[in-house]
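Trainee: Heads up: the sequence shown is residues 92 to 511, going by the numbering used here. Here a beta-carbon is modelled for each residue, glycine too, at the ideal position from N, C-alpha and C. Predicted model, so just to flag it, every value in this text is computed and none were measured.
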Amino acid sequence: MNGLGRAVGDIRLRLYRAVRRRVAGDLIELAQQSRGRAIPGVRSTRLRIAAEVVAYFGDVDANLYQLRQWLPALESLHASHPVVVLTRQADSYQALSTETALPLLLVRDLTALEDVYAANDFKVVLYVNNGAANFTSLTFTDVLHVHLNHGESDKVCMASNQAKAYDRVFVAGDAAVERYRANLINFDGAGLVKIGRPQLDVTYPAYRPASQRPTVLYAPTWEGGRPEMDYSSLAVYGEALVRAVLASEFRLIYRPHPKTGLGSAEIAEADRRVRALVAAAAQQAPRTGHVVDTDTPMGGLFGATNVLVSDVSSVALDFLATTKPLVVCDIRNDRAALLDASPVSRVAHVLDQESLPAAVDDLRRLLREDSGREERVAAIEHYFGDVTPGVATKSFVEAIAATIAVRDRLVAEKRRRNDQ
């Protein structure tokens, strides 16, 4: 190419880069909180952000429950290691702007994401799921990538091969470590870090309305994204169970999973029928306190609950920490397989096709006798370690601090090598 050709090529490249930067700049917004309102900030591809830790969330607001449960722990972390929540979807950004005092960043495309990472000295990036959008962030090499997940459960997805994509995987306790090592090949577990379950440190106000009745919380999980991930009892036992509880002396709180019915018309219809049953019972007898509650944080429901009926899910395990009676649904009616796949079911009452007709009698017996409490207490330690209030949050903050220190050392070593 002659000199004129090179010059024209250089001009075109500069123009392309300028346009690219300008477009990308329009795709970045920074929000800082003031009395619960988001204030739009500077739009710039070279935005400097005073943060060491990025909490990355690439999904739409329907999946925000995955991040919400980490907000209290992230807010605690922010006091010593500044955090920015980086979102990729406008609806998630808008929803979070009224829910947290943490700085928020909306970065809609890959070019803008590249620019934000390049302009800042972020040290750790946290991920609460294995969404496909994570992998655009995982390309960045001068940070350590940490997977948090959004719950602790015996579901098969909790030992995903995708764990290998991250530098660290923070887990709740020994059960999670065993799950990964039992299910994955070519995985030594060196990146697994036990931190407990910080979500159990959060305290909630007393549930309203209060009730003089003993309360059953029915909280089925959703149907999952593929058949092997379907643990939902809703279309199997839901309607029969709810009818029986509503006809008894118990109060029923029904709490469907936020994604219930998104992948199954059958589950969606079962959810609709259960909601209608609860609404009709509440209208007929308001003082019973029967309610469909989709808004109260799950931990806020636990205080009002005497016994939980749930599925293989993180809800069942979080409730385990209360030491109250727990019922786990066996939707495949295969007790041996359930006990093998879900250790928590060994310390719970199991609801299956045979026990369904006597479900209310079994609930009464659990409240009257509760012979399995000691076994549940032992299981708590196996799943979560020390659940003394504050311990897990402290462990989380300390684990982040240790990860930052490792990152800083590794980056310094890399720079020394490159300078030689």
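Taking only three categories from DSSP, how would you classify S405?
Mentor: If DSSP states are grouped into helix, strand and coil, S405 belongs with the helices.
Trainee: Measuring straight from C-alpha to C-alpha, what distance separates F231 and Y208?
Mentor: Cα-Cα distance, rounded: 8 Å.
Trainee: Does the Cβ of Q374 have 16 or more other Cβ atoms within 10 Å, making it buried, or fewer, making it exposed?
Mentor: Exposed.
Trainee: Look at the alpha carbon of R508 and the alpha carbon of V268, and state the distance between them as a whole number of angstroms.
Mentor: About 35 Å.
Trainee: By a C-beta neighbour count over all protein chains shown, 10 Å radius and 16 as the cutoff for buried, is E357 buried or exposed?
Mentor: So E357 ends up on the exposed side.
Trainee: Exposed or buried, T396, counting other C-beta atoms within 10 Å across all chains shown (16 or more means buried)?
Mentor: The residue in question, T396, is buried, as its Cβ has 16 or more Cβ neighbours within 10 Å.
Trainee: Out of curiosity, what's the CA-to-CA distance linking H238 and S251?
Mentor: Cα to Cα, H238 sits roughly 11 Å from S251.
Trainee: Work out the CA separation of D384 and F393 for me, nearest whole Å.
Mentor: So the alpha carbons of these two residues sit roughly 12 Å apart.
Trainee: With DSSP run on the structure shown, which of helix, strand or coil describes F487?
Mentor: F487 falls in the helix class under three-state DSSP.
Trainee: Does the beta-carbon of I276 have 16 or more other beta-carbons within 10 angstroms, so that it is buried, or is it exposed?
Mentor: When all chains shown are included, I276 counts as exposed.
Trainee: Using only the alpha-carbon positions, how far apart do R378 and R342 sit?
Mentor: Straight-line Cα distance between these residues: approximately 10 Å.
Trainee: Quick one: give me the first and last residue of the alpha helix (DSSP H) that L332 is part of.
Mentor: E330 to L337 is the extent of the alpha helix (DSSP H) around L332.
Trainee: Is it buried or exposed for F148, if we count other Cβ within 10 angstroms and need 16 for buried?
Mentor: F148 should be labelled buried.
Trainee: According to DSSP, which residues form a beta bridge with R179?
Mentor: DSSP, once it has assigned bridges, lists no residue as partnering R179.
Trainee: Measuring straight from C-alpha to C-alpha, what distance separates D321 and G315?
Mentor: So the alpha carbons of these two residues sit roughly 5 Å apart.
Trainee: Tell me which same chain residues have a C-beta within less than 6 Å of the C-beta of H348, skipping the five on either side of it?
Mentor: Excluding positions up to five away in sequence, the list reads T312 and W313.
Trainee: Determine the extent of the alpha helix (DSSP H) in which F393 is found, giving its start and end residues.
Mentor: Looking at the DSSP string, the run of the alpha helix (DSSP H) that includes F393 is M389 to F393.
Trainee: Report all residues from its chain with a CB closer than 8 Å to the CB of A370; omit the five preceding and five following residues, and keep chain order.
Mentor: Excluding sequence neighbours, A370 sits near V383.
Trainee: For the beta strand (DSSP E) containing H169, list its first residue and its last residue.
Mentor: Counting along the chain, H169 falls outside any beta strand (DSSP E), though it belongs to the alpha helix (DSSP H) covering L162 to H169.
Trainee: Distance, Cα to Cα, L325 vs H241?
Mentor: Between L325 and H241, the C-alpha separation is close to 22 Å.
Trainee: Which residue from P448, V418, Y218 and L158 puts its Cα closest to that of D461?
Mentor: Residue V418 is the option with its Cα nearest to D461.
Trainee: Among the residues of its own chain, which have a CB less than 6 Å from the CB of L399, if the five just before and after it don't count?
Mentor: Excluding residues within five positions, the ones whose Cβ falls inside 6 Å are L308, F410 and L417.
Trainee: Between which two residues does the alpha helix (DSSP H) carrying L146 extend?
Mentor: In the sequence as presented, Leu is not what sits at residue 146; that position holds Ala. Taken as a continuous stretch (DSSP letters only), A146 belongs to no alpha helix (DSSP H), being part of the beta strand (DSSP E) at V144 to F148.
Trainee: Would you call the region 326 to 345 and the region 444 to 458 touching, i.e. three or more CB-CB distances under 8 Å?
Mentor: With a cut-off of 8 Å, the region 444 to 458 and the region 326 to 345 count as touching, because enough Cβ pairs lie within range.
Trainee: Give the straight-line distance between the Cα atoms of Y184 and N424, rounded to the nearest whole angstrom.
Mentor: The straight-line gap from Cα to Cα measures roughly 42 Å.
Trainee: According to DSSP, simplified to helix, strand and coil, what is V234?
Mentor: Note: V234 maps to coil in three-state DSSP.
Trainee: Using three-state DSSP, classify L204 as helix, strand or coil.
Mentor: Three-state DSSP puts L204 in a helix.
Trainee: Return the residue from the list L408, L155, P300 and I495 that minimises the CA-CA distance to L187.
Mentor: That would be L155, whose Cα lies nearest to the Cα of L187.
Trainee: Please say whether Q290 and Q160 have beta carbons closer to each other than 8 Å?
Mentor: Closer than 8 Å, so yes.
Trainee: For the alpha helix (DSSP H) containing F261, list its first residue and its last residue.
Mentor: Where F261 is concerned, there is no enclosing alpha helix (DSSP H), although the beta strand (DSSP E) it sits in stretches over R259 to V262.
Trainee: Examine the ligand SAM and report whether any of its heavy atoms sits within less than 7 Å of the Cβ of A263.
Mentor: This structure simply doesn't include the ligand SAM, nor any ligand for that matter.
Trainee: Taking the alpha carbon of A428 as the reference point, which residue from R304, V403 and T484 has its own alpha carbon closest?
Mentor: The option with the nearest alpha carbon to A428 is V403.
Trainee: Count the other CB atoms, across all protein chains shown, that sit within 10 Å of the CB of T479; report buried if there are 16 or more and exposed otherwise.
Mentor: T479 comes out exposed.
Trainee: Going by other Cβ atoms of all chains shown within 10 Å of its Cβ, with 16 needed for buried, is P58 buried or exposed?
Mentor: Residue 58 cannot be examined here, being either before or after the span of the chain that is shown, 92 to 511.
Trainee: Assuming the contact rule is C-beta atoms closer than 8 Å, A483 and R259 should be a hit. Round their C-beta distance to whole Å, please.
Mentor: Contact doesn't hold; Cβ gap of about 16 Å is too wide.
Trainee: So, at 8 Å on beta carbons, what are the nonlocal neighbours of S335 in its own chain, with the 5 sequence-adjacent residues on each side left out?
Mentor: Sequence check: residue 335 is Ala here, not Ser. For A335, where only same-chain residues beyond five positions count, the Cβ hits under 8 Å are A450 and V451.
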